[in-house]
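Residue numbers (the working numbering), protein chains in the order written: chain C, 101 to 511; chain S, 101 to 511. Where a beta carbon is used, it is the ideal one built from N, C-alpha and C, also for glycine. Okay, so here's the structure we're looking at.
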């Protein structure tokens with residue numbers, strides 16, 4: 101029988117009623133003839149409680165013990181889901197990561213899945229079991245100890261199972277009903293996309309559209325797993341939600357698929373840095389060691405032998421970045437001045453159509469200019485153009501771009 | 101280095117403060133030079149929460165899924181305890197049952213430990229680890245799935261580890277400071293015993309002195325594990341608590357060690373049952389199938405070819421017993437009448453000294469008679485005499501017996 105993977109996030113299994121509701125959705129797919137692999141998260145709030153205890157005991161905790169503790173929430177949900185399905189007369193059993201086994205690297209708390217041998221679960225499907233409920237987010241390292249995949253890791257578990265079992269599709273049930281052209285709270289014209297290409301989803305996810313863990317999308321792209329995002333709180337048809345898929349499967353699409361934003365950014369500029377090889381490595385190596393996540397980077401030649409280096413970062417990391425750069429001033433690094441602008445936001449337009457169609461950047465800049473919005477930094481990739489602007493213009497920029505690229509209309 | 105096993109029950113690890121307190125006790129033993137195996141229960145209340153969910157989903161649950169769910173509480177405590185010890189600079193790590201592995205039978209929810217290979221943990225002790233924290237109550241069955249040992253099973257885990265690692269002692273930290281000659285709530289003269297023989301502890305435990313899981317005492321007796329019961333809420337010396345040990349290690353003891361009781365008993369009598377071979381098997385087989393735990397059984401010849409059969413049982417099982425016996429009346433079993441007395445308690449005196457000294461029974465009956473207490477049923481074993489009496493006399497009987505055998509005085 102064809103295999104379907106269904107993943108339910110924490111809000112979708114928050115209590116016994118929601119678990120029953122999710123189990124009913126599973127029952128619908130079983131009735132269609134699928135053998136189903138259900139990936140479950142911990143009941144919402146449980147993982148935070150466990151993480152809180154670990155942090156309280158030991159701020160610099162042993163990640164192996166962290167993993168042993170925080171993985172327990174998923175085990176509880178997996179057992180409860182299996183019991184609920186059995187109660188509906190659907191042959192089901194639960195698996196913990198080490199039982200499958202979900203083989204991962206030994207990088208505790210941020211492990212990567214290396215292999216999922218399908219033999220054990222396939223044998224049970226062969227014996228008449230219809231649903232394998234698997235605890236998400238966890239695996240077993242080469243050291244024989246429990247690993248976890250990082251927050252949101254259950255998405256990645258789901259996609260990895262879909263790849264390993266050659267599943268027809270991987271359905272991610274969550275508390276939103278799909279991926280939108282932009283945040284509906286910013287413009288009511290935001291439209292749910294029926295399909296979106298993996299590459300676009302990657303740009304949207306890393307830009308703050310927090311629907312799927314980025315790694316799960318990378319994995320789906322690599323193994324060509326059809327990924328569907330849909331709501332566990334609505335009655336669903338086969339066409340519900342948003343399908344994240346290969347761009348070849350998207351016949352028609354707008355040049356721009358969506359407008360993403362990240363509100364709380366800061367911009368820092370190092371003025372008059374000596375322009376010599378290795379200088380970028382010094383600056384960003386120092387920031388990386390300080391745990392600063394640098395996003396956009398631009399470098400301009402300002403005068404002979406000196407340059408200005410500008411980068412953006414999350415606003416709550418500004419103090420750490422300032423401390424780190426002040427620490428090395430006059431030692432590893434010479435610069436005239438460090439200027440911080442904590443009042444910026446990032447707005448991006450994303451679309452695979454941009455690869456074949458020019459003029460998107462020019463149109464974006466004109467739209468912003470017409471609204472009187474000054475652009476502070478620009479970076480571009482093949483399918484994305486991002487700008488930093490004053491935070492007060494962020495909503496206006498998103499609305500104007502959404503209108504200008506007519507994203508409220510399907511292609 | 102010598103190995104010590106320390107077990108902490110649910111109230112001793114109820115929150116992070118109590119876990120820290122328990123960890124300090126572990127630190128004291130590590131400082132003395134022991135390699136320590138710590139067995140932990142779930143934080144108090146956690147297992148009940150999990151069991152409640154399972155019951156709500158499915159009254160007739162799959163015990164394999166029950167085990168997968170309810171074992172998670174111990175995993176959390178084990179990780180938190182290991183982190184707490186590490187924070188005190190004590191090299192420690194946690195083990196879940198399947199990691200050791202604690203090999204058990206496949207009788208889910210009531211599994212028995214079959215083997216605990218010490219190699220993995222001993223190797224880590226050899227590398228400088230000082231504390232192995234093991235999740236109690238759980239193991240792995242031959243089916244590769246998680247098993248649990250029944251409520252109170254962490255005591256059994258602790259004793260099994262002490263046997264497998266040839267530990268110097270197995271310390272059970274709990275919320276009482278030892279085993280008493282009787283319940284201190286009934287007589288203030290109750291005295292904590294420094295030592296008690298395994299056989300006596302077995303009689304006391306199964307009589308309702310619920311300090312240790314009965315199976316753990318059986319196991320300790322078989323493998324000659326020195327078992328100590330002590331409080332996790334008091335400063336402790338090496339002589340604290342009560343040592344449960346082989347009778348050879350008890351130089352001096354009273355003839356009677358303790359007076360036990362079980363308040364809420366009922367007595368049932370089947371009048372005029374045909375006295376033929378197999379009749380006891382019919383009656384008690386029927387009750388066993390109905391889930392009734394029969395305790396005392398006495399049979400009297402009443403008339404030619406007929407007999408009366410009397411037995412005691414917990415009062416909350418009377419309805420079930422009556423239904424079962426009425427069901428088979430006139431079919432598998434002929435009897436004249438079923439008489440139920442729901443108003444009785446059981447009082448027992450226990451002591452290994454009774455084996456070599458006669459007159460204990462006679463003295464017990466005289467004490468009760470002097471107080472005007474009528475004895476309804478008597479049963480005896482080598483080291484125990486039990487009587488059923490009217491419930492209203494229970495406290496009086498315990499006090500009078502405690503006085504008469506001078507249990508307030510050490511031997």
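Nearest to residue 323(C) by CA position, among 293(C), 356(C), 342(C), 269(C), is which residue? To locate residue 323(C), count along the first chain from 1; it is residue 223. Of 293(C), 356(C), 342(C), 269(C), the residue nearest in Cα terms is 269(C).
Helix, strand or coil for residue 400(C) per DSSP? Reading the first chain from its first residue, position 300 is the one you call residue 400(C). Strand.
Got a sec, what are the start and stop residues for the beta strand (DSSP E) residue 108(S) sits in? If you number the second chain from 1, residue 108(S) lands on position 8. Here the beta strand (DSSP E) through residue 108(S) covers 103-108.
Between residue 352(S) and chain C, is any beta-carbon pair separated by less than 8 Å? As a first step, residue 352(S) is located in the second chain; it is residue number 252 there, counting from the start. So no, residue 352(S) is outside the interface.
Where does residue 58(C) fall in DSSP's three states? Within the shown structure, residues of chain C are numbered from 101 to 511, placing residue 58(C) beyond reach of any answer.
Return the Cβ separation of residue 130(S) and residue 231(S) in integer angstroms, given the expectation that the two are a contact with Cβ distance under 8 Å. On the second chain, position 30 is the one that residue 130(S) refers to. On the second chain, position 131 is the one that residue 231(S) refers to. Residue 130(S) to residue 231(S), Cβ: 6 Å. Contact.
Terminal residues of the alpha helix (DSSP H) in which residue 214(C) lies: Numbered from 1 along the first chain, position 114 holds the residue referred to as residue 214(C). Segment 213-215 is the beta strand (DSSP E) holding residue 214(C); no alpha helix (DSSP H) there.
Contact check, residue 488(C) vs residue 498(C) under 8 Å by CB: the rounded distance? As a first step, residue 488(C) is located in the first chain; it is residue number 388 there, counting from the start. As a first step, residue 498(C) is located in the first chain; it is residue number 398 there, counting from the start. Actually they do not touch by this definition, with Cβ atoms about 14 Å apart.
Per-residue contacts from residue 183(S) into chain C (C-beta, under 7 Å): Residue numbering aside, residue 183(S) sits at position 83 when the second chain is read from its first letter. Those are 154, 157, 158, 161, 162, 165, listed as they occur along chain C.
Within 8 Å of any Cβ in chain S, is that where the Cβ of residue 116(C) sits? Stepping through the first chain from its first residue, residue 116(C) is reached at position 16. Chain S contact via Cβ: present.
Is the CB of residue 242(S) under 8 Å away from at least one CB in chain C? Numbered from 1 along the second chain, position 142 holds the residue referred to as residue 242(S). Judged by the 8 Å Cβ criterion, residue 242(S) is not in contact with chain C.
Exposed or buried, which one is residue 446(S) when buried takes at least 16 other CB atoms within 10 Å? The sequence position of residue 446(S) within the second chain is 346, counting from 1. So residue 446(S) counts as buried.
Once the 5 residues before and after residue 194(C) are set aside, which same chain residues still bring their CB inside 6 Å of it? The residue labelled residue 194(C) in the question sits at position 94 within the first chain. Closer than 6 Å at Cβ, skipping near neighbours: 178, 179, 182, 233.
If I measure Cβ to Cβ from residue 274(S) and keep anything under 6 Å in the same chain, skipping five residues before and after, which residues do I get? Here the question's residue 274(S) lines up with position 174 in the second chain. Contacts found: 109.
So, is the C-beta of residue 179(C) closer than 8 Å to a C-beta in chain S? Taking the first residue of the first chain as position 1, residue 179(C) is located at position 79. Answer yes: the Cβ-Cβ gap between residue 179(C) and chain S drops below 8 Å somewhere.
Does chain S have any CB closer than 8 Å to the CB of residue 150(C)? By one-based count along the first chain, residue 150(C) stands at place 50. Answer yes: the Cβ-Cβ gap between residue 150(C) and chain S drops below 8 Å somewhere.
Rounded Cβ spacing between residue 203(S) and residue 215(S) (contact assumed at less than 8 Å): For the purposes of this step, residue 203(S) is identified with residue 103 of the second chain, where counting begins at 1. For the purposes of this step, residue 215(S) is identified with residue 115 of the second chain, where counting begins at 1. Indeed they touch by this definition, with Cβ atoms about 4 Å apart.
If you reduce the DSSP assignment to three classes, tell me which class residue 411(S) lands in. Taking the second chain and counting its residues from 1, the one referred to as residue 411(S) is at position 311. Here residue 411(S) sits in strand by DSSP.
Just reading off the beta strand (DSSP E) that residue 193(S) is part of, what are its end residues? Counting from one through the second chain, the residue named residue 193(S) turns up at place 93. Element bounds for residue 193(S): 192-195.
Taking Cβ-Cβ distances shorter than 9 Å, what residues in chain S pair up with residue 144(C)? For the purposes of this step, residue 144(C) is taken as the residue at position 44 of the first chain. Chain S residues near residue 144(C): none, gap ~15 Å exceeds 9 Å.
Tell me which same chain residues have a C-beta within less than 6 Å of the C-beta of residue 439(S), skipping the five on either side of it? If you number the second chain from 1, residue 439(S) lands on position 339. Cβ within range, chain order: 369.
Apart from the five residues just before and just after residue 340(S), which ones in its own chain have a Cβ nearer than 6 Å to its Cβ? On the second chain, position 240 is the one that residue 340(S) refers to. These residues qualify, in order along the chain: 330.
Let me know if residue 494(S) comes out buried or exposed under the rule of 16 or more other beta-carbons within 10 Å of its beta-carbon. Here residue 494(S) corresponds to residue number 394 of the second chain, with the count starting at 1. It counts as buried.
Going by C-alpha to C-alpha distance, which of 315(S), 399(S), 189(S) sits closest to residue 128(S)? As a working note, residue 128(S) is residue 28 in the second chain. Here the closest residue by C-alpha is 189(S).
Excluding five sequence neighbours on each side, which residues of the same chain lie with their C-beta closer than 7 Å to the C-beta of residue 455(C)? On the first chain, residue 455(C) is found 355 positions in, with the first residue counted as 1. Contacts found: 482, 483.
Give the single residue among 168(C), 395(C), 504(C) whose Cα lies nearest to the Cα of residue 461(C). Within the first chain, numbered from 1, the residue matching residue 461(C) stands at position 361. It is 504(C).
Backbone secondary structure at residue 343(S) - three-state DSSP: Taking the second chain and counting its residues from 1, the one referred to as residue 343(S) is at position 243. It is a strand residue.
Proximity winner among 398(S), 403(S), 424(S), relative to residue 412(S) (alpha-carbon distances): Counting from 1 along the second chain, the entry for residue 412(S) is found at position 312. Of 398(S), 403(S), 424(S), the residue nearest in Cα terms is 398(S).
Nearest-angstrom Cα separation, counted from residue 136(C) out to residue 260(C): Residue 260(C) sits at position 160 when you count from the first residue of the first chain. Residue 136(C) sits at position 36 when you count from the first residue of the first chain. If you take the alpha carbons of residue 260(C) and residue 136(C), they lie about 14 Å apart.
Please tell me whether residue 227(S) has its Cβ less than 8 Å away from any Cβ of chain C. As a first step, residue 227(S) is located in the second chain; it is residue number 127 there, counting from the start. With 8 Å as the cut-off, residue 227(S) does not count as an interface residue toward chain C.
Whole-angstrom C-beta distance between residue 140(C) and residue 262(C), which should lie under 8 Å: If you number the first chain from 1, residue 262(C) lands on position 162. If you number the first chain from 1, residue 140(C) lands on position 40. Between residue 140(C) and residue 262(C) the Cβ distance is about 15 Å, and since that is not below 8 Å, they are no contact.
DSSP puts residue 270(S) in a beta bridge; with which residues? Position 170 of the second chain, counting from 1, holds the residue named residue 270(S). For residue 270(S), which the question treats as bridged, DSSP gives the partners 105(S), 327(S).
Within-8 Å CB hit, residue 234(S) to chain C: Indexing the second chain from 1 puts residue 234(S) at position 134. It does not; no Cβ of chain C falls within 8 Å.
Pair within 8 Å by beta-carbon distance, residue 396(S) and residue 373(S): Along the second chain, read from residue 1 onward, the residue named residue 396(S) stands at position 296. Along the second chain, read from residue 1 onward, the residue named residue 373(S) stands at position 273. Taking 8 Å as the Cβ cut-off, residue 396(S) and residue 373(S) do not qualify as a contacting pair.
Using CA coordinates, which residue listed in 333(S), 102(S), 332(S) is at the minimum distance from residue 134(S)? For this step, residue 134(S) is matched to residue 34 along the second chain. That would be 102(S), whose Cα lies nearest to the Cα of residue 134(S).
Mind listing, in chain order, the continuous beta strand (DSSP E) runs of no fewer than 3 residues lying wholly within the region 409-463 of chain C? 437-450
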